[in-house]
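Below is one structure, written out as structure tokens, with a few remarks after it.
There are 8 protein chains.
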Amino acid sequence: MKDNDKYIELGFAKLDLERSQRRGYPEAIFCECKTNEQLVEIFSAFKEKNTNVIGTRANLEQYKYLKQKLPDVNYNEKGRILTLVSEEIQKVGEVAVCTGGTGDIPVAEEAALTAEFFGSKVKRYYDVGISGIHRLFDKIDEIKKANVIIAVAGMEGALGSIIAGMADCHVIAVPTSIGYGASFKGVSALLTMLNSCAEGMSVVNIDNGFNAGYSANQINRQIAGVK
Amino acid sequence: MKDNDKYIELGFAKLDLERSQRRGYPEAIFCECKTNEQLVEIFSAFKEKNTNVIGTRANLEQYKYLKQKLPDVNYNEKGRILTLVSEEIQKVGEVAVCTGGTGDIPVAEEAALTAEFFGSKVKRYYDVGISGIHRLFDKIDEIKKANVIIAVAGMEGALGSIIAGMADCHVIAVPTSIGYGASFKGVSALLTMLNSCAEGMSVVNIDNGFNAGYSANQINRQIAGVK
Amino acid sequence: MKDNDKYIELGFAKLDLERSQRRGYPEAIFCECKTNEQLVEIFSAFKEKNTNVIGTRANLEQYKYLKQKLPDVNYNEKGRILTLVSEEIQKVGEVAVCTGGTGDIPVAEEAALTAEFFGSKVKRYYDVGISGIHRLFDKIDEIKKANVIIAVAGMEGALGSIIAGMADCHVIAVPTSIGYGASFKGVSALLTMLNSCAEGMSVVNIDNGFNAGYSANQINRQIAGVK
Amino acid sequence: MKDNDKYIELGFAKLDLERSQRRGYPEAIFCECKTNEQLVEIFSAFKEKNTNVIGTRANLEQYKYLKQKLPDVNYNEKGRILTLVSEEIQKVGEVAVCTGGTGDIPVAEEAALTAEFFGSKVKRYYDVGISGIHRLFDKIDEIKKANVIIAVAGMEGALGSIIAGMADCHVIAVPTSIGYGASFKGVSALLTMLNSCAEGMSVVNIDNGFNAGYSANQINRQIAGVK
Amino acid sequence: MKDNDKYIELGFAKLDLERSQRRGYPEAIFCECKTNEQLVEIFSAFKEKNTNVIGTRANLEQYKYLKQKLPDVNYNEKGRILTLVSEEIQKVGEVAVCTGGTGDIPVAEEAALTAEFFGSKVKRYYDVGISGIHRLFDKIDEIKKANVIIAVAGMEGALGSIIAGMADCHVIAVPTSIGYGASFKGVSALLTMLNSCAEGMSVVNIDNGFNAGYSANQINRQIAGVK
Amino acid sequence: MKDNDKYIELGFAKLDLERSQRRGYPEAIFCECKTNEQLVEIFSAFKEKNTNVIGTRANLEQYKYLKQKLPDVNYNEKGRILTLVSEEIQKVGEVAVCTGGTGDIPVAEEAALTAEFFGSKVKRYYDVGISGIHRLFDKIDEIKKANVIIAVAGMEGALGSIIAGMADCHVIAVPTSIGYGASFKGVSALLTMLNSCAEGMSVVNIDNGFNAGYSANQINRQIAGVK
Amino acid sequence: MKDNDKYIELGFAKLDLERSQRRGYPEAIFCECKTNEQLVEIFSAFKEKNTNVIGTRANLEQYKYLKQKLPDVNYNEKGRILTLVSEEIQKVGEVAVCTGGTGDIPVAEEAALTAEFFGSKVKRYYDVGISGIHRLFDKIDEIKKANVIIAVAGMEGALGSIIAGMADCHVIAVPTSIGYGASFKGVSALLTMLNSCAEGMSVVNIDNGFNAGYSANQINRQIAGVK
Amino acid sequence: MKDNDKYIELGFAKLDLERSQRRGYPEAIFCECKTNEQLVEIFSAFKEKNTNVIGTRANLEQYKYLKQKLPDVNYNEKGRILTLVSEEIQKVGEVAVCTGGTGDIPVAEEAALTAEFFGSKVKRYYDVGISGIHRLFDKIDEIKKANVIIAVAGMEGALGSIIAGMADCHVIAVPTSIGYGASFKGVSALLTMLNSCAEGMSVVNIDNGFNAGYSANQINRQIAGVK
């Protein structure tokens, strides 16, 4: 294991050490294509440097393996998030996370947990989709109080547009792969969001709760004055 | 010009005479790929049989040519509809035609004029899209009184879902090619409509106001008891 | 479990109570992304309110779990439909459900069972596809007697066009994912149906028998005068 | 202009001389991307060798230029076909060319003229599409007498399937770019034809009347025993 | 089981009895979406009528079940073809079946077995793809002697074009789903074949060896004079 | 012209008056599908209410017509932006607008002018794309000082990822339709941006400089504390 | 006009000066989205630095404007290439440029002229496509003598595979947008080339003759030992 | 087993023997669609001829079967490469293989092992993607010393562009299917690479490490003067 002040060289990976300094936040680990052994090496290396670390798209089996070697690791199964926190971050401001339906909750949890890990207070509003729009209207005044809103929706994905048409803060829309037939695993929701006639909304990749949470936190903390 | 009781043989076309009897309504003429001469032949043939005829996607130049030969022909430029009415149809019931924006009006007019030609009363509600949703809510109680609702929208195309989530009659959604970039000439709106989580809505081809108007009329007249 | 007169708050879901009043029919539950526990909570909550409930895309294992807790639940495996009926609806009018082939029957059953649940009489005409068109012609006079026709077809999906060209009531076409190669899991059939040159037909999402059945019932009941 | 017994070298093109011997028929010229000067060179070179030549997708302006230099050249504007015939071919057998609508006629004419140029008798059946299917049934017994049938259709493109389901000879289906919205310039018709559940039909490229005519002639002449 | 002279009514299927008379060949059964019980009913019904029957895309497990009930059934595992022959057909003429690679053989076998079942002599030429084109050239003179050639290829799918450029009979091209990445499960090969600059070739659906074999047999028998 | 406190009813349009109050900013007008007369009506109506108004995707001819009727209207041809300012907004904070190439400048100008109209200070960094990455590195320290960064790029669209990998504030990426071949009018750049492995970046529709500018301004002003 | 040793700052563009040193070759200018004035500024700036410059996708009108201001500029209309050469480069090695048809020549010329500009000897082999494959075989021994081969083809785009299967040097394949229907403006040819079963071939963007010529020259010069 | 000097006839395959002579390198075997028995036949046949052989996309189970019959066979599980080396090749020159992330390593290994098998020295640079671009910059001077660079990347796939913008040798870019959502199994990365504004880079099929390694070796050996 070679090592310099900028990154840790593991051969199969080069862990970014100066990211906290350069970008304000530590590196996140995409667990989907990594072996158990690789994850242990990565989490151990960060731990040694006393750096907080978050792993996304981790499965239960990866967690169990890791837990044996690193008992401090935590796991949220719904959001598939691994965390190892050496230094607690102060949560500030407010991010609202909304979903169109029940099936969108895992992606929403990935977003919410990420925003919390990086230092935001989060409020959740689930199953407020447009087929029964009074459910959304009941909550909209509360939702609008956030600094940033995350709108998570599959199928036709219109939730974000409705919220953006009523809110005065930025909305980050996350299409999900929930649906069937011509939903094309989230493409329909993605296109809906990109073509929204309600301005003040931007979009991330299908099912990418992590980037939504990261971005919302980034904006929320700047607004809260603690970048 | 050969001729039998079922259709008129023009060589380049075979005009369906028994359609009124078989389907309840006369044949419509798709003008886009036809020459001026062909249109004159077709409209004259129907006129001779005393059959009402409607032409869709007709341009102004086609109308002017036709008007010289057949002074009874009428034209609506916005909806690009030609009509030649020998026998007036009684308009019954009510069809509501709504658009998301101003750019969707030509397709909406095609739908509205078609429904009127075949025998429906029509009410128009334009620019009630979701970016300023209070405009729609102001009108929704009135819209819901119709027997069938046509929702015409481009861009993200969410109008139909919102209306279907509030109405108790069937909604026919028409995606339009209005938009740019990832709207892909109406594909985004089409997918939104097909994936709607609000049941009670069906969809027609992009920009196909004619079929929406035809179908809405068909349903409306059955409800009104005058199929 | 918070509760108000408009919906039941379950945290992961908000059950629409005023839908019957607003839209004429109770809410349906999309079971595919729900856990067994969530389904029990949802069905129990509706039962307590004495509201009929229908669940779509339910698998056998979900049914077995639910049946233990709620013995009144019924299941149709072919159509993957769960129902819990507290108050019987009177079936009226007539909806015809046709399929192109044998493989389309599950989607057709979803449509037929849905229409029956919400209050329509249904007649089934299976395997009347166009490769042996005399099979369809044998039945067409009977099919045409319905108030609404549902045409379910995969592969090239031309069934709906043929029927719409001969019937005088509205046709709702359902593309199915039956086929291979360039059928692209139903996209080919979907495009055929959207581009039909036979007017008087509208389309729902690939494999969406539920929406077809819901919509057909909605129209059928209006025609029968019992909306 | 270099020259050998296998091809004529024009620098920008190498004209295939041994094709008649190798494949039974002379080379055809795709005119769309060629300049007037190039066409003159090509047609003159073939003429000098006393070889019949056919040019496809030629526009009127190309014809007029060519006619000045080579007065024997003939042009069919609808089918956009140029021919220069030095040695008349005997027409044999029978090819039937059918279209769904009036807008498909140019592609059908390209097919018919090609088949005639290479040596087939051709019968034309235009506007026999499925929205008024009795028009097709009136003609089907006559159509079935051909050795090969060409079915040309845009929009949903179901014509070929219907015919193939009733005929006992091979059907070559040609999708056309006629249509709008989700017809995607012929893709919808192409997919319909590829996914046909009626066997005994094969497909050529969108708007490729030439290949359909060439192939039908090839098969027809083999059946007639004069390959 | 209702029954008339045109088809056998099984409820879930309507077996086409007059097809032999109408189209010259008996109906084929697409086994992929059928249950074991349905296949037994179908094969038994045809057997009772003394009609030959072929089943495509059948798996080994379907065969084993069927074999117990109908011991006369035969199965070819590579081509996934079930046959039950009551009356032997005389094989005539010649169809050549070629593949680009080894992976294309199952589709080629489906084509070859189908052509043989319906009455053609077949010769097989496997692994003659274009990456080592001398292997094709070694065989081309022999291949060209057939009445029809079937070219089966995945990946880039250029085999058909090369053969069509050298042969004087019709080529039916079958794209296969062999390949990866941008082959998009056969779409790349399909597009190659549709866009071939070598005329005299038509295309069937991806992996549709059955239709290729059926069509080739149809043409071959007409050429042999025994339609 | 009907009128209420929430919107102005023009028949073809319903102008949103309460948007400033509801969302913090006045409505913007999408000029592309509007006639000259409609634009005059709309701009006059807003002017009467003393509300600032911005029109996007306006062409020169529309501007000239409008200028005659409303001499206070301003136009930026590169960004295709019309403005009519009744009440000057104080510009605050800082938004950085970067482009990959020279061809991306019109979209970047749309973004920059929009952000300025709604109240942000803007700095422009043009032609800092990745093929000569030292040009970007020269400017990156200055760019990073902004509260929000807009990255505008066509072709492969990698600019946003590079910047997001180095900056600690949010990046809004705008794909442009600049490019050819497999750029598919901006789809390639759009996909690149959606799939970025650099978190902290969100995406808007192809060529949608307006939404990028609007969103950046929204975030920038919140950070500056003057929402 | 600001200026440093690494690039020239023109505001709308930053001209890369150190590219020759960094990459071995001067920057190329993509003319399609640039105004006449911008091109004059750019070419003048390079000329002042005595740096050779090449402009791609330039139209005749741009050339004429430029020629007035900078009489040393040269233009090749077929390849749409502008050059201004201050210091002649020695041409070395050999690059072979082949086309499938006559319509592919403009892209081939773009490739050939680019390779020559940057320092390669080029031989051209046009119209050697696979529909008359003996034309290619006549030339293949000569073609194989090159250090790199560029294969330019539209429609089905199989030329590159055939050549790569016979040559022992690298082949760079360029799909062109020549074709119609399902060629999808070059996508069919692109997919063919990407899926080639003949290894030793790589692909560039549709119609991107420039990159093919640049890359071939780069490899050719390295082989010739004069990088 | 028939046999001639050009290829070995195995019935299901024709093994190319003259490839070494014709193309400079022996044939490679695509193992994915082959049975264990076929692989044994193929490897044995080559071994008998004393020809080196490489198998790609082989799974562990295929290796284990083969190893029993042919103990000299070697296997690399990560790269899924089987080799049987009868005559060692001298490794020359230098090829650099880089990856964007850890998930891209299997494809990179396929490339590296292929290049080594055919005779190149290879250096590996893994996890140097653009989200932490200083990791790449640390290595770039070393990377640039190679004769050819292979850039392997999934997700947005921008790695190749960045390297090509800094290197003076040719870059072969390999998109991988790593990613999710709108990465469309590698399509996003493929498009990024095709549209790169950095010239001097060409692209191979998604996940096609083999062709990248083969092509890089071909070029590298020519540069090293040992083709």
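These protein sequence lines are chains A, B, C, D, E, F, G and H, in that order. 274 is the number of the first residue of the first sequence in my numbering; add one for each residue after it. 274 is the number of the first residue of the second sequence in my numbering; add one for each residue after it. 274 is the number of the first residue of the third sequence in my numbering; add one for each residue after it. 274 is the number of the first residue of the fourth sequence in my numbering; add one for each residue after it. 274 is the number of the first residue of the fifth sequence in my numbering; add one for each residue after it. 274 is the number of the first residue of the sixth sequence in my numbering; add one for each residue after it. 274 is the number of the first residue of the seventh sequence in my numbering; add one for each residue after it. 274 is the number of the first residue of the eighth sequence in my numbering; add one for each residue after it. Ideal placement from N, C-alpha and C gives every residue a C-beta, glycine not left out.
Going by DSSP, name the residue or residues bridged to residue i.
i	result
R397/A	V370/A
S475/D	I445/D
T329/D	F303/D
Alpha carbons only, please: which of the options is nearest the one belonging to residue i?
i	options	result
S359/F	P379/F, K322/F, I378/F, V380/F	K322/F
L262/G	L357/H, I445/H, C470/H	For chain G, the structure presents residues 274 to 500; residue 262/G sits outside this window and is missing.
N253/D	I496/E, G486/E, N490/E	Since the first residue shown for chain D is 274 and the last is 500, residue 253/D is missing from the structure and cannot be characterised.
F316/C	L343/C, L386/C, Q294/C, Y298/C	L343/C
K337/F	M474/F, Q363/F, N309/F	N309/F
C442/F	I281/A, R295/A, E291/A	R295/A
E383/A	G284/A, T324/A, A331/A	A331/A
G376/D	Q341/B, R408/B, I406/B, C304/B	C304/B
V499/H	F410/H, L333/H, K364/H	K364/H
L312/A	T449/A, G297/A, L288/A, P299/A	L288/A
A471/B	Y487/C, E472/C, C470/C, L463/C	Y487/C
A318/B	E334/B, L333/B, E300/B, C306/B	E300/B
T372/B	K340/B, R408/B, Y348/B, C306/B	R408/B
G438/A	G284/F, E291/F, K412/F, Y348/F	E291/F
Where do the ends of the beta strand (DSSP E) carrying residue i lie?
i	result
K287/D	287-289
I423/E	421-426
I406/B	Unbroken run through I406/B: none, as it is neither H nor E.
Report the CB separation of residue i from residue j in whole angstroms; it is logged as a contact under 8 Å.
i	j	result
N484/C	V477/C	5 Å
I302/C	G454/A	Incorrect: roughly 18 Å between the Cβ atoms, too far for contact.
G352/F	P379/F	6 Å
T324/F	S293/F	7 Å
T356/H	G482/H	About 14 Å separates the two Cβ atoms, so there is no contact after all.
Between which two residues does the alpha helix (DSSP H) carrying residue i extend?
i	result
I436/C	432-437
I451/A	Run containing I451/A: none; DSSP gives neither H nor E here.
N484/A	482-496
Spell out a yes or no on whether the region 360-376 of chain E and the region 387-395 of chain E are touching, meaning 3 or more CB-CB pairs, one atom from each, closer than 8 Å. yes
Taking 8 Å as the cut-off, does the region 424-433 of chain F touch the region 421-432 of chain B (at least 3 CB pairs, one atom from each stretch)? no
Any contact of the region 449-458 of chain C with the region 451-459 of chain B, i.e. 3+ C-beta pairs under 8 Å? no
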